[in-house]
Each structure stands twice: as C-alpha cells, then as structure tokens.
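Chains Y and U, in that order, give the protein sequences. Under UniProt numbering, read the first sequence as residues 1 to 272, first letter to last. Under UniProt numbering, read the second sequence as residues 1 to 266, first letter to last.
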Amino acid sequence: MLTQEPVVTQQTAARSVWGVVRFVYPFVVVALIWETALRLGWVQSVSLPAPSQIAAEFWRLAVTQGVLWEHFSASFYRLAVGYFLAVGIGVTVGALLSLSPLLRGLFEPVLSLLVSVPTIAWLPVLLITMGLGDRTVITTVFLGGFFAITYNTMRGIEMVPRNQILAAREMGVNGAHLFFAVLLPGSLVSLITGLRLGIGYAWRALVGGEMLAAMIEWGIGKMVFQARFFNNVSIMFVGILLIGLSGYLLDRTFLRWLEMATVERWGMVRRR
Amino acid sequence: MLQNENAPALIQIRDLAKEFDPQSKNTVEALRDINLDIEEGKFTVLIGPSGCGKSTLLYLLAGFEKPTRGSLLLDGKPVEKPGPDRGFVFQDYALFPWRTVLGNITFGLRSNGWSKADADAKAREYIAMVKLNGFENAFPHTLSGGMKQRVAIARALAYNPRVLLMDEPFGALDSQTRKHMQQELQRILMQTNKTVVFVTHSVIEAVFLADRIVVLTARPGMVKGIIDVNLPRPREYTDDSYLDIREAVLSLLSEEVEKELEMDGM
Ligand SMILES: Nc1ncnc2c1ncn2[C@@H]1O[C@H](COP(=O)(O)OP(=O)(O)OP(=O)(O)O)[C@@H](O)[C@H]1O
Ligand SMILES: [Mg+2]
C-alpha cells in the first residue's frame, strides 16, 4: 500500500515533464534548423538573428546586466493595476447593466460598439488627455480588460437559467443575497471567459501602450521599441518571445486554475 | 383531525384570470374564471391540453406571475410574491450546479435563518427520506435525472413550505424511472402529509397520485371538471377501480385535446 503513493507522484511528475517537453520541442526544432541554415550560409538574414545570438542577448539582459527584470516588473505593475481595476469596475458595471433594464437599454448599444474597438485605437486620445506617462499606459490596460469583462459579466448573468432564479426566489432569496448566491456563481462560465479575454487584451494593450508612451523608461514593450535605436534585433526577439510566453502563462495559470476549480468541477462546462 | 368541515380551504382561488400582454394586440388569454379550493394535506393534479395554462396557474400560486383579475389566497392571505411558504419543483430540476446535494438542500434553510448545524441535520434527514445517502457531497452533474429530481424534491420540502408546487416533475424521465418516482413521491407524501399541486400530462400518473384531479379546458384554461379519487393508499397501478377513473378523466380530456388540435389547425 505504502509503496503505491510515490509511484503515483512519479507518474504525475513524469506527465507534467512530458507536457513541458511537448510544448518546447517544436521551438527547439525550429531554432536548430534556423541556426544551421544561417551557419552553413544557406540563407542571409539581418532581420531574424540566429537563435544563439538571441540566447546570448537574453543572457546579457537577464544576468550580466540584469535590466530585464526591471522591465518586467514595471510591466507587471501596470498590468496588475490596470487589470484589477478592470475586473472590479467591469464586473460591477456588467452586473448593473444586467440587473437594470433602464441602464441596459441606455448603454448596451454603446458597449456592443466599444467592445470591438481594438484598445490601441484609444491610445492617441489617452496620450493627449492623460499625458505620456504611466497613467496613460495603465488606463490602456484598464480599457483592454474592461469591455470584455463588462460584456461577458452582463451576458453571463442574463444566461443564468430562469428556473434556478425562480427556485431561489421561492425560498425567499432576494436582492444582494440572490446576486451573490445565485446570479454570480451561475454566470461564472461567461464571467471567466471575460476574465480570460480581458487579460489577453490587457496584455496586448500594455505592450502597445508602453511603446507609445514616451515618458516611461521601463517596460517590456519599451525595451522592444527602444532596441530599434541601437539596431539591435536580438533584443526585440528576446522581448517578443517573452511577451508571447508571459501572455500564454497568464492565460494558462491562474485563470485556467480558476476554471478547473469552479465551472469544470461543477460540470457547467466540459472538462478540457 | 380537528379541522372544521367549514374551515376555509388552504388555497382559495376566486374568479382568477390571467392574460399575457393585456394591452397589446398579441394578448394571450391563458386562464379564465378559475374557481378552486385546495384543502390542506390533499394532492391536487392539474391536467389539460398543452398550452391551456397549467404552468401559468402554478406560477400564479408560486407568486412568479401576478393575476390579471381575481384573487388567490394562501392561508387567507393574498399571494403577491414568491416566498418560503411554498416550494417549487421544476421539470428541469433547476438545481444549483455549484452546490453539492447537501448544499442545494441547506440553501433554502440557511436563507431562512437556520444555523449551519441545524440546516445540515435537517438536510440529511431529507436526503435519507429521498434515499440519497452517500451522495451528500456529490455535485448535481454527476447524478442521474431521477436522482436530481429527488434532490429537487428534498430541497423544496426541507424548509417545510405549506404547499409543494410541482410542474411536470417527472416529464423528463424515462418511463421506468418515472413510475418509480411516482411510488417514491407517494411514499414521501404519506410520511410528510404535504399539500401538493401537481401538473402532469399523464392520466395514469394523475390517477395514481391524486386525491382530486382538476381537468382544464383548452386555452383559455377554465375548470372543465373535477374528479375525486378516493382510493386507499398506498396505491397500486393494478387496482381495478383505476380503469373507471382513468376513463372518466380521459373522456373529459379528449374533448379538450381535440379542441386544441382544431385550434392549431390540425
Ligand atoms: N410569459 C409569457 N408571455 C406570454 N405568453 C405566455 C407566457 N407564459 C405562457 N404564455 C402563454 O400562455 C398559455 C399557457 O401557457 P402555459 O405554459 O401555462 O401552458 P401549459 O398548460 O403549462 O402547457 P404545457 O402543457 O405545454 O406545459 C400559452 O399559450 C403560452 O403561450
Ligand atoms: Mg407547462
């Protein structure tokens, strides 16, 4: 009996290692082919540096100079502030819209229109009204998350099965209690979709905002943008790969975890 | 029973009418001139052609809808909104998927001021009554349809409403499970002595369960006839006197079903 437990842990460990390997190996294959092609002189390229160069640049930024973390923490600070504002305000506004036919009638058309505006399109407006600094970037992040979260919260609450609401009301459940005990959990499938879309849009908006807000010094988007002054394509690629990886991990880690712990566990969506 | 013969019925329905969208030209007259008394502890079945307003009548009793005219008294007080003096069981169960079996049943109790310990104990009592021991911590999506409906029944009974309202509760079950659930419901009600208003399309189900069968006309729903079923309990489907009662209900019903088909242009 006792000997079985380690086997199980080994298996799960093996499975997650296998998962990482499966994720990484296509990148390794592509990198190896590209490296070989460049070294053997099959192709000439200025715009796409050799993987070894990118790796060396990464090492310099991350370890020798250590500036990469400064860029990263600046970016994550803006993302965190903007995104959490978007979650708080977005869920509240979405809930109000779904609960009040009057508000809904007024704002739903506006919202449906704005939800499909790429966040980057707001930037010129924000640069003029809020300046070239942090505030603008954080607001961009906020807008990136806000519309998706608001819209999906509203839709989620509307889609809570009518009979579940009636069953609760017959038990005498009303008002705020009904909202927190039935409407909110009942709308989680859609709400989490909003949170996921929201963080994706917020992350994209962040990088764009950092590139265009001239007054900020640090940020992963800034790093990529500034590299053009030094003609350093390797830095750009370090940045691009890290932006992609971070966006992927943001989606795959805590939101994925939230989804598994709630709507998948409750059978409200199929397990993936 | 101490109940006086002349005591007012638990539910009194007087000249009740319900129209949907009364101002528009798409007005639907769902119910017209309903007069009905429902006695405490009795099992009343509403039966009638599809679209005749059975669910609407149940929704009015539940307080989900408001009457257009007439009155609806529960315990002498007008029904104005939903409330825990009534329990509702839906055809699609309407369980809360994010709550366990136990959590679904305690929800109504906790919402009505029960302490956690008391609510848990009461819920377990009802879980035992509907024979779901061992499934306390299961989430609804892992249960079969019949089991879900047991949870829904336990959930509606646990907080001890005056009336249990059931809208085709077994309509989504296969015939085997359905028959079993009818027997189970009969057993539970012999234990709890609850007043029930029950909507069904099945005459067999109606005769098996009912003390009174109220046959409604095709839309607008009016009371076409009332048939009392004075058979001893527990009942069996094979009792002889059944056939006569079934015939009586069927003949009332079939006239109305034909009318409804004509209305639909069939
Ligand atoms: N919310 C509503 N708005 C408008 N019309 C409605 C509404 N609810 C019900 N109706 C109409 O009222 C009539 C009665 O509906 P109801 O659902 O009570 O019928 P039913 O007897 O329960 O039918 P079934 O046996 O098919 O369940 C129908 O014509 C229906 O279209
Ligand atoms: Mg119905």
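Glycine included, each C-beta is placed from N, C-alpha and C at the ideal position.
Any C-beta of chain Y under 8 Å from that of residue i
i	result
G108 of chain U	yes
G87 of chain U	yes
G145 of chain U	no
F198 of chain U	no
residue 323 of chain U	With chain U running from 1 to 266 in the structure shown, residue 323 of chain U is simply not present.
P84 of chain U	yes
F20 of chain U	no
Buried or exposed (CB count within 10 angstroms, at least 16 for buried), residue i
i	result
E170 of chain Y	buried
L40 of chain Y	exposed
F43 of chain U	buried
Q149 of chain U	buried
F142 of chain Y	buried
M211 of chain Y	buried
N104 of chain U	buried
K18 of chain U	buried
L159 of chain Y	Rather than Leu, the amino acid found at residue 159 of chain Y in this sequence is Met. Exposed is the call here.
R272 of chain Y	exposed
H141 of chain U	exposed
A121 of chain U	exposed
N152 of chain Y	buried
D240 of chain U	exposed
Ligand 1 heavy atom lying under 7 Å from the CB of residue i
i	result
S50 of chain U	yes
F90 of chain U	no
V203 of chain U	no
R219 of chain U	yes
V257 of chain U	no
F170 of chain U	no
A62 of chain U	no
V28 of chain U	yes
D21 of chain U	yes
Partners in chain Y for residue i, counting only beta-carbon separations shorter than 9 Å
i	result
D92 of chain U	P161, N163
S111 of chain U	A168, M171, G172, V173, H177, A181
Y159 of chain U	M171, G172
When the options are compared against residue i, the one with the closest alpha-carbon
i	options	result
A50 of chain Y	Y:M260, Y:R272, Y:L249, Y:M236	Y:M236
K131 of chain U	U:G145, U:A117, U:A154, U:Y159	U:A154
residue 302 of chain Y	Y:I138, Y:T136, Y:F180	There is simply no residue 302 of chain Y to check, as chain Y begins at 1 and stops at 272 in what is shown.
L178 of chain Y	Y:S190, Y:R162, Y:L191, Y:F72	Y:R162
S190 of chain Y	Y:T150, Y:V115, Y:I240	Y:T150
E108 of chain Y	Y:L249, Y:M154, Y:T12, Y:T136	Y:M154
R235 of chain U	U:T192, U:L165, U:R187	U:R187
R32 of chain U	U:R219, U:S241, U:D118	U:R219
N112 of chain U	Y:E57, Y:I192, Y:V173	Y:V173
G247 of chain Y	Y:W203, Y:A62, Y:W69, Y:I33	Y:W203
V182 of chain Y	U:G108, U:S50, U:K77, U:F88	U:G108
L245 of chain Y	Y:L106, Y:F23, Y:G175	Y:F23
N35 of chain U	U:F198, U:K224, U:P232	U:K224
M268 of chain Y	U:P8, U:K66, U:F96	U:F96
R233 of chain U	U:E40, U:D37, U:Q183	U:Q183
G200 of chain Y	Y:T119, Y:A14, Y:E264, Y:G239	Y:T119
P161 of chain U	U:L252, U:R246, U:T195	U:T195
I220 of chain Y	Y:I33, Y:V67, Y:R104, Y:G82	Y:V67
Residue i at chain U interface by Cβ criterion, 8 Å
i	result
G172 of chain Y	yes
V182 of chain Y	yes
M268 of chain Y	yes
R252 of chain Y	no
Chain-ordered neighbours of residue i on chain Y, where CB pairs are closer than 7 Å
i	result
P169 of chain U	Correct list: empty, because the minimum Cβ distance to chain Y is about 12 Å.
Where residue i meets chain U, residues with beta-carbon distance less than 9 Å
i	result
G209 of chain Y	Chain U residues near G209 of chain Y: none, gap ~37 Å exceeds 9 Å.
Residue i: contacting residues in chain A (beta-carbon distance under 8 Å)
i	result
P185 of chain Y	Looking at the structure shown, chain A is missing, and the protein chains on hand are Y and U.
Under 8 Å by beta carbon: chain Y residues contacting residue i
i	result
A62 of chain U	L166, E170
F139 of chain U	R265, W266, G267
query: Taking any heavy atom of ligand 3 as the mark, which residues have a C-beta closer than 7 Å to it, listed down the chain?
result: As far as ligands go, the structure on display features ligand 1 and ligand 2 and does not contain ligand 3.
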